[in-house]
Amino acid sequence: MEQQKDGYTFERDNLTAKKIPTPRAVAGAKNAGDKWQYSAVKLIPTNPHYTGNLVQGRSKTDANDKIFLQKKGYKKRLKNKQDEWIVIPDAHPAIISREEFQEVQEKISKKGEKIFRGRGKKALFARLAFCADCGAGFYQPSVR
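Sequential numbering from 631 applies to the sequence shown in my numbering.
Here it is in structure tokens:
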């Protein structure tokens, strides 16, 4: 079986083999390892920081939600709209180009799209109605 030449696992192994320092190692953390983690690699194509821009203000804390703070022990994070971000272009060397970053963003957005491929019946409320508690989509169970 031929090894897959793309994906987060392949990139993780590739970065580790090339001995590229992990983000924790670059930050000088005492507990930094020399092996890349899947979660760290997954952040690269979703974080505009890796295109060479310094990006701040992507999220803020909700100081008004005291119940969340009491239950969880930390403040709730809310994502800011992209036009509210503070971006300083070319603040440091880029790991990926802006073109590659945009291409990946398009692929990620399309990955979540659901397409009915004709297997079975399409339910009346498929991809239109979702559970308010868990967010799962409604489906039509097959009749035997």
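We put the beta carbon where it would ideally sit given N, CA and C, even for glycine.
Values in this document were obtained by computation on a predicted structure and should not be read as measured data.
* Out of curiosity, what's the CA-to-CA distance linking P675 and N683? -> Within the sequence shown, the letter at position 45 stands for residue 675. Within the sequence shown, the letter at position 53 stands for residue 683. Rounded to the nearest angstrom, the two C-alpha atoms are 13 Å apart.
* Asked: Closest to A647 by CA distance: which of T681, K702, Q667 and F768 is it?
  -> The residue given as residue 647 occupies position 17 in the sequence shown. That would be Q667, whose Cα lies nearest to the Cα of A647.
* Quick one: complete beta strand (DSSP E) runs, 3+ long, within the segment 676-752? -> 684-686, 689-692, 706-709 and 716-718
* With distances taken from CA atoms, which of L645, A759, A724 and T691 is nearest N710? -> As a first step, residue 710 is located in the sequence shown; it is residue number 80 there, counting from the start. Residue T691 holds the alpha-carbon nearest to the alpha-carbon of N710 among L645, A759, A724 and T691.
* Asked: Can you tell which of V671, K660, E730 and S739 has its C-alpha closest to the C-alpha of R642?
  -> Against the sequence shown, residue 642 aligns to sequence position 12. Out of V671, K660, E730 and S739, V671 has the C-alpha closest to the C-alpha of R642.
* To do: Return yes when the Cβ of G687 is within less than 8 Å of the Cβ of I716, no when it is not.
  => One-based indexing of the sequence shown puts residue 716 at position 86. One-based indexing of the sequence shown puts residue 687 at position 57. Yes. Within cutoff.
* Measure the C-alpha to C-alpha separation of A655 and A662 and round it to an integer number of angstroms. => Walking along the sequence shown from the start, residue 655 turns up at place 25. Walking along the sequence shown from the start, residue 662 turns up at place 32. Rounded to the nearest angstrom, the two C-alpha atoms are 5 Å apart.
* Y781 classed as buried or exposed, judged by whether at least 16 other C-beta atoms fall within 10 angstroms -> Not covered by the structure: residue 781. The range shown for the chain is 631 to 774.
* Other residues of its chain near G637: CB distance less than 8 Å, five sequence neighbours each side excluded -> The residue labelled residue 637 in the question sits at position 7 within the sequence shown. No residues qualify anywhere along the chain.
* Asked: Helix, strand or coil: how does DSSP classify F640 here?
  -> Here residue 640 refers to the residue found at position 10 when the sequence shown is read from its first residue. F640 falls in the helix class under three-state DSSP.
* Quick one: Cα of L699 to Cα of L708, how far? -> Locating residue 699 in the sequence shown gives position 69, counting from the first residue. Locating residue 708 in the sequence shown gives position 78, counting from the first residue. In a straight line, the C-alpha of L699 is about 14 Å away from that of L708.
* Asked: Any idea if F640 is buried or exposed, counting beta-carbon neighbours within 10 angstroms, 16 or more meaning buried?
  -> Counting from 1 along the sequence shown, the entry for residue 640 is found at position 10. It counts as exposed.
* Asked: Which residues bound the alpha helix (DSSP H) around A657?
  -> If you number the sequence shown from 1, residue 657 lands on position 27. Start and end: P653 to A657.
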